[in-house]
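To start, the structure under review is shown below, and the notes come after it.
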Amino acid sequence: MKSVYNLKFSIHQTRNPSPFDVELVENAFLLWHLSWRRTFNELGVNVNLRSDDFLDREMGLLTDNNQPIGMLFYNWLDTSRLSNRLHSYFKDYPPSVLEIVPQSKIMLISYMTLHESWRWRFTDVPVSEMLIGFSVKRFLQSDAKILLGYFRNEKRTNQMFYSHGGRPILTNHTTYNVDVDYAFIDKELAHDSTNQYVAEAVNTLWSQWLGSKGLSRPPHGLGRGNFKKATLA
């Protein structure tokens, strides 16, 4: 049984990583590209997976001995701007979802990637849910009002998101030939996982990363602002 406490968490700008991190980010790209080509093939989806979807986002990364084993991607769009509402990022979002989401700064998460040797049956704590936990931490350190994404039901990533305070917008919708839930979290809903083992692991690795940088908050992104609860009704 592998211990997640041997892992390290970090956040990277994939388009312009620091010179020290270029090799690590490129190795993460290889894992991401291989994993998602396999996933789309298994789902019977014809996708020409270019590097654009990797390069235009921030990456929350888990490594084992400096080798990438899991990642989740973060992006920020201000949907009060028409140009952002028409962004290709939203091509997989039904109009009914975007009609409900407030026109404001939104953090989006996508492309959860996990090395097969770190799947739940091999670890003491589910790494997939940890990746969601890190994204919630990152959300709380940004000035985005809403954390938004869609989650595969058969993988139970929807339930992992709900365990952090997530609320459904649209459930059991078929996207890429698989049932997904579209869901959100706002600042008042967000909390650590209800799974205490996930919460403890995320808090430990998050604190270790901040401590390694001599920080109390992430160095990149939008920064914390004043927040009001966003109503999706």
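Heads up: the sequence shown at position 219 corresponds to 386 in my numbering, and the numbers run straight through without jumps. Glycine residues also receive a C-beta, built at the ideal position from the N, C-alpha and C atoms. Remember, predicted model here, so these are calculated numbers, not experimental data.
Let me confirm a value: residue i is counted as buried when at least 16 other C-beta atoms fall within 10 Å, else exposed. Which label applies?
{"i": "Y317", "result": "buried"}
{"i": "N183", "result": "exposed"}
{"i": "L372", "result": "buried"}
{"i": "S248", "result": "The question names Ser, but residue 248 in the sequence shown is Arg. Burial call: exposed."}
{"i": "S309", "result": "buried"}
Leaving out five residues before and five after residue i in sequence, what residues of the same chain have Cβ atoms less than 7 Å from its Cβ?
{"i": "V402", "result": "Given a span of 168 to 400 for the chain in the structure shown, any question on residue 402 remains unanswerable."}
{"i": "T246", "result": "R252, V268, Q270, S271, I273"}
{"i": "V171", "result": "T290, D291, V292, V294, M297, A368"}
{"i": "L279", "result": "Here the sequence assigns Met to residue 279, which means Leu is not the residue at that position. L239, S295, L298, T324."}
{"i": "L198", "result": "P235, T280, H282"}
Return the chain-ordered list of same chain residues with a C-beta closer than 8 Å to the C-beta of residue i, the five sequence neighbours on each side being excluded.
{"i": "P293", "result": "W287, M327, N362, V365"}
{"i": "R205", "result": "none"}
{"i": "L191", "result": "H179, P184, L228, T230, N233, P235"}
{"i": "N370", "result": "D359"}
{"i": "F207", "result": "N213, V214, L216, Y343"}
Between the Cα of residue i and those of the options, spot the shortest distance and give me the residue it belongs to.
{"i": "T341", "options": "P335, P261, I178, N370", "result": "P261"}
{"i": "I236", "options": "G333, S309, R217, E283", "result": "E283"}
{"i": "K354", "options": "R323, F196, R305", "result": "R305"}
{"i": "T338", "options": "S218, P186, V264, F187", "result": "V264"}
{"i": "H200", "options": "W285, F221, D188", "result": "F221"}
{"i": "L377", "options": "F301, M168, E266", "result": "F301"}
{"i": "N215", "options": "D223, L281, W203", "result": "W203"}
{"i": "K258", "options": "Y343, P186, A311, P335", "result": "Y343"}
{"i": "I336", "options": "W285, E266, V212, Y256", "result": "E266"}
{"i": "K169", "options": "A311, Q375, W285, G381", "result": "W285"}
{"i": "K312", "options": "L174, L244, H254", "result": "L244"}
Short check: CB of residue i to CB of residue j, under 8 Å?
{"i": "F240", "j": "I276", "result": "yes"}
{"i": "L307", "j": "A350", "result": "no"}
{"i": "L314", "j": "V303", "result": "yes"}
{"i": "T181", "j": "M226", "result": "yes"}
{"i": "S218", "j": "F196", "result": "yes"}
{"i": "S330", "j": "S360", "result": "yes"}
Considering only residues of the same chain and omitting the five flanking positions on each side of residue i, which have a CB-CB separation below 6 Å?
{"i": "N325", "result": "F318, D348"}
{"i": "G333", "result": "A350, I352"}
{"i": "N194", "result": "P235"}
{"i": "N242", "result": "R224, L275"}
{"i": "K175", "result": "T230"}
Completely contained alpha helix (DSSP H) runs for the region 262-349, where each covers 4 or more residues: Fully enclosed alpha helix (DSSP H) runs of 4 or longer: 262-267, 294-307, 324-329.
4-residue-minimum alpha helix (DSSP H) runs that sit fully inside the region 198-251, ordered along the chain: Fully enclosed alpha helix (DSSP H) runs of no fewer than 4 residues occupy 219-222 of the region 198-251, in order along the chain.
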